[in-house]
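Participant:
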Amino acid sequence: QKEVEQNSGPLSVPEGAIASLNCTYSDRVSQSFFWYRQYSGKSPELIMSIYSNGDKEDGRFTAQLNKASQYVSLLIRDSQPSDSATYLCAVRGYGGSQGNLIFGKGTKLSVKP
Amino acid sequence: GAVVSQHPSRVICKSGTSVKIECRSLDFQATTMFWYRQFPKQSLMLMATSNEGSKATYEQGVEKDKFLINHASLTLSTLTVTSAHPEDSSFYICSARASGGLTDTQYFGPGTRLTVL
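Note that the protein sequences, when read in sequence, are chains A and B.
Residue numbers for the first sequence follow the numbering used here, beginning at 534 and rising by one.
Residue numbers for the second sequence follow the numbering used here, beginning at -5 and rising by one.
#1: DSSP state of S12 of chain B, grouped into three classes?
#2: Quick one: any contact between the stretch 6 to 21 of chain B and the stretch 32 to 49 of chain B, if contact means 3 or more CB pairs under 8 Å?
#3: With DSSP collapsed to three states, give me the class of G574 of chain A.
#4: Check the Cβ of Q54 of chain B against every Cβ in chain C and list those closer than 7 Å, keeping chain order.
#5: Is the distance from the Cβ of L73 of chain B to the Cβ of W29 of chain B below 9 Å?
#6: So what does DSSP say about D560 of chain A, is it helix, strand or coil?
#7: Which bits of chain A does T43 of chain B rub up against, with CB to CB less than 7 Å?
#8: Checking 9 Å against the spacing of the C-beta atoms, do A618 of chain A and Y572 of chain A come in under that value?
#9: Taking Cβ positions only, does I87 of chain B come closer than 9 Å to chain A?
#10: Can you tell me whether T106 of chain B is buried or exposed, with buried defined as 16 or more other CB within 10 angstroms of its CB?
#11: My understanding is that I87 of chain B touches S576 of chain A, with C-beta atoms under 8 Å, so please give their C-beta distance in whole angstroms.
#12: Against chain B, with Cβ distances strictly below 9 Å, would L621 of chain A count as a contact?
#13: Mind checking if P104 of chain B is an interface residue toward chain A, Cβ cutoff 9 Å exclusive?
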């Protein structure tokens, strides 16, 4: 059973701080990794995708991937109250049915003003 | 990012009626579409995967005769909840992906909130 694990939180950080969201996955052959943000009552929206080991930066967001450790993280710099949401980690393997995303249960982030 | 639309955004119906939800990819051709359900304060649950022109693949525990999925074109998939009951009340979200490439991203529609009275 392929699994994606996230700490459910809530993770509470003060405004302006760095929020660090972590995710581990069980399937060593996973190839593609995604972070989605979901506001309460809304559908998920894509924030970042990462495919290679290392860091990928996009504005205030940085995704980090370590395939050897089967670990992917999302850093949010200068956190804002508007970043308060549930963050979903999603992992995908090879094509066919393994090409379907496996989602973690999400980490709830709360940024306090 | 790519745009996926859903219609209706909200529907209230009486128990026993059927409800159809449409999902469209607006600026790309979606070879694969996914249907998820999310109950309040719970995680996304994949219901089924459909490829254009093929029968949908349902997840374990999802009744294929109750949740009818049609993916007739590369831009449209529909989910019909037949004989809906109050326990079917949920947030239904579709998602679409262009092709099977590893870098192809899966985009979500805005969701449909179904309330069955």
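Just so you know, even glycine gets a beta-carbon here, dropped at the ideal spot from N, CA and C.
Facilitator: The relevant details are as follows:
#1: coil
#2: no
#3: coil
#4: The structure shown contains no chain C; its protein chains are A and B.
#5: With a cutoff of 9 Å on beta-carbon distance, L73 of chain B and W29 of chain B are scored as near each other.
#6: coil
#7: N633
#8: yes
#9: By this cut-off, I87 of chain B is an interface position.
#10: Using a 10 angstroms sphere on the CB of T106 of chain B, the tally of other CB atoms reaches 16 or more, which defines it as buried.
#11: 5 Å
#12: yes
#13: It does: the Cβ of P104 of chain B has a partner Cβ on chain A nearer than 9 Å.
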